[in-house]
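Novice: Residue numbering for the sequence shown follows UniProt numbering, starting at 1 and increasing by one per position.
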Amino acid sequence: CQKMIGLFGAQTDQINTLISVTEGHSVTLHINITELHTDEDVEWTFGVQSPDEIIATIYKDNMTSSSINERLKNHVEIDAQTGSLIITNITTQHTGLYQVTITNAKLVNFIYRVIVHARLPVPVISRDSSQCSSSSSSSCCCVLCSVVNVSHDVSVSWYKGKSLLSSISVSDLNIRLSLPLEVEYQDTNTYRCVVNNPITNHTQHLHITQLCHTSAVGVLRCGFTEAVIRLVVSAVVGVATVAVLVYDIRSRRESPSTSDESECK
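1) Among the residues of its own chain, which have a CB less than 6 Å from the CB of His30, if the five just before and after it don't count?
2) Would you check if there are 3 or more beta carbon pairs closer than 8 Å linking the region 69–79 to the region 87–97?
3) Indicate the three-state DSSP secondary structure (helix, strand or coil) for Ser26 in the structure shown.
4) Have a look at Pro198, Leu164, His207 and flag the residue whose alpha-carbon is nearest the alpha-carbon of Glu184.
5) Leaving out five residues on either side along the sequence, give the residues of the same chain with a beta carbon under 7 Å from the beta carbon of Val150.
6) Taking only the alpha-carbon atoms, compute the straight-line gap between Pro180 and Ser155 and give it to the nearest angstrom.
7) Between which two residues does the beta strand (DSSP E) holding Ile175 run?
8) Secondary structure at Leu206, three-state DSSP: helix, strand or coil?
9) What number of angstroms, rounded off, separates the C-alpha of residue 275 from the C-alpha of Ile115?
10) Could you name the residues that DSSP lists as bridge partners for Val154?
11) Only counting the same chain, and skipping five residues up and downstream in sequence, which positions put a Cβ closer than 6 Å to that of Thr28?
12) Pull up the distance between the alpha-carbon of Trp44 and that of Thr209, whole angstroms please.
13) Output the distance between the C-alpha atoms of Asn104 and Asp41, rounded to the nearest integer angstrom.
14) So, are the CB atoms of Cys145 and Ile125 less than 8 Å apart?
15) In angstroms with no decimal places, state the Cα-to-Cα distance between His152 and His37.
16) Can you give me the Cβ contacts of Asp52 inside the same chain, cut-off strictly under 7 Å, excluding the 5 residues immediately before and after it?
17) CB-CB under 8 Å to Arg119, same chain, minus the five flanking residues each way: which ones, in chain order?
18) Have a look at Ile111, Ser129, Thr82 and flag the residue whose alpha-carbon is nearest the alpha-carbon of Gln49.
19) Applying the 10 Å Cβ sphere with the 16-neighbour rule, what's the burial state of Asn189?
20) Could you compute how far the alpha carbon of His202 sits from the alpha carbon of Tyr59?
21) Once the 5 residues before and after Leu164 are set aside, which same chain residues still bring their CB inside 7 Å of it?
22) Would you mind sorting Asn32 into buried or exposed? The rule is 16 or more other CB atoms within 10 Å of its CB.
23) Considering only residues of the same chain and omitting the five flanking positions on each side of Ser167, which have a CB-CB separation below 8 Å?
24) Check this for me: beta carbons of Val147 and Val194, under 8 Å apart or not?
25) If you draw a straight line from the C-alpha of Lys162 to the C-alpha of Asn16, how long is it?
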């Protein structure tokens, strides 16, 4: 994946361009020249803050010659015809500023800022009852969306359909991001966890039926309090019903005896 955005517009002697790319890909820094002339020399420099390290050159003069910095020769190539720089199998170590200087009748500079993003991990959704709130009833199911070894500018989000429910982001490197979600067992809505950086994203869908109904113990724990309450109420109602019936039967049995005693008097 690669995105290129022009910054500050074009000037007579300088073009600033922002390029975002995922590590492992290749990127070409074009200088918009179809073919170098015999009087044009090309020099590429690189630096994280300032492009002051020479990494590739082409000197035309009487015979074309080119050279590549030893440290980068496995990743950097230079097009001898156009002077463009090709970076292959790019890594996060190649993030920084690249400047090309073309020397002829007039000095021309092109500057590029290249940002290399680490490969985006696929999110994993798991059940985690410890994330349930104390007020959750038997209808609760608590899940966790997690990613590990994330780089800067990565965020994790929960969506219900197209609506954003929650999100968390990170600016540090190589840490774990986790975002909980609580849903009802009978919920028929569509939920998805999305992890993304500025140039790409990965999505994992939540399957409530599969994930939340696989553990009967989890369901019992989640609804234990409510189940006990229902059981106690049912028992109380049952006892009360039996007591009423016994009282009614005894009352009916005692009624005839009372009537006979009244007649004898």
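We treat Cβ as the ideally placed atom computed from N, Cα and C, and that holds for glycine. No experiment lies behind these values; they were computed from the predicted model shown.
Specialist: Reading it off the structure:
1) Ser84
2) yes
3) coil
4) His207
5) Pro121, Val170, Ile175, Leu177
6) 14 Å
7) 175–184
8) strand
9) As displayed, the chain neither begins before 1 nor continues past 265, which places residue 275 out of reach and without an answer.
10) Val170
11) Ser84, Ile86
12) 57 Å
13) 7 Å
14) yes
15) 42 Å
16) Thr45
17) Thr22, Glu23, Gly24
18) Ile111
19) exposed
20) 45 Å
21) Ser157
22) exposed
23) Ser155, Val156, Ser157, Trp158, Leu179
24) no
25) 36 Å
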